[in-house]
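Going by our numbering, the sequence shown wraps up at 178, each residue one higher than the last.
The beta-carbon is built from N, C-alpha and C at its ideal position, and this holds for glycine as well.
Here the structure is a predicted model, which is why all the values come from computation and not from measurement.
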Amino acid sequence: MTISVGILIVSDRCSRGEAEDRSSPLIRQWATEELGGEVKKHGVIPDERVVIGDTLISWSDELGLDLIITSGGTGFALRDVTPEATRDVIHRQAPGLAEAMRQEGLKKTPHAMLSRAVVGMRGQTLIVNLPGSPKAVREGLEVILPALSHGIEILKGEHGANQRHEYKK
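In structure tokens:
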């Protein structure tokens, strides 16, 4: 199974062209080389809760992506609303993945405990929030990689006798 991936950068400055998106290239390389996936969609949007939520819904429900990786908007700044937007649209949380990223991050910096990143499922799409820092992106992806393919297989009903459930949009 080739995992279809969407990369969503959430940044006011990047969306206005005032800053360079340094996370996308890392996520793209990880998705193709480490995960063995295929990046099907990429976007850069502002820190706007409704825009983030609408994009996640569209990419999940209309495009049917297996995995959406967001980068940015997970900190303490007033404009950091990616976790709230993600919680607005997911059907179920996957807290173990977010906890594992924070726990491993704490081994490197106490700032990892400031991450409010959320991981969850909308239908058969897994949505993973990552910080905006390229270093934190790389470290977070390394942590979740060993479990990701298996988790997505289960979510897609391709592993064992998984019962499928339809979720109301």
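Here's a check: name, in chain order, each residue in its chain whose Cβ is nearer than 8 Å to the Cβ of Pro55, leaving out the five neighbours to either side. Translated into positions along the sequence shown, residue 55 becomes position 46. Hits under 8 Å: Val19, Ser20, Asp21, Ser24 and Arg25.
Are there 16 or more other CB atoms within 10 angstroms of the CB of Ile163, so buried, or fewer, so exposed? Position 154 of the sequence shown holds residue 163. The residue in question, Ile163, is exposed, as its Cβ has fewer than 16 Cβ neighbours within 10 Å.
Alpha helix (DSSP H) segments (min. 4 residues) lying fully within the stretch 77-165: 91-98, 104-115 and 143-164
Do Thr134 and Ile77 have their CB atoms nearer than 8 Å? Numbered from its first residue, the sequence shown carries residue 134 at position 125. Numbered from its first residue, the sequence shown carries residue 77 at position 68. In contact: Thr134 and Ile77 (Cβ atoms closer than 8 Å).
Alpha helix (DSSP H) containing Glu65: first to last residue? For the purposes of this step, residue 65 is taken as the residue at position 56 of the sequence shown. What sits at residue 65 in the sequence shown is Leu, not Glu. If you look at Leu65, you'll find it in the alpha helix (DSSP H) that goes Arg58 to Ile66.
Is Pro92 closer than 8 Å to Asn138 when the C-beta atoms are compared? Your numbering for residue 138 matches position 129 in the sequence shown. Your numbering for residue 92 matches position 83 in the sequence shown. Cβ distance < 8 Å, so Asn138 and Pro92 count as in contact.
From the DSSP secondary-structure annotation, give me the bridge partner or partners of Leu17. Counted from its first residue, the sequence shown places residue 17 at position 8. Looking at the DSSP assignment, Leu17 forms a beta bridge with Gly52 and Thr79.
Opposing strand residues paired with Glu47 [DSSP bridges]: Counted from its first residue, the sequence shown places residue 47 at position 38. Glu47 is bridged to Ser13.
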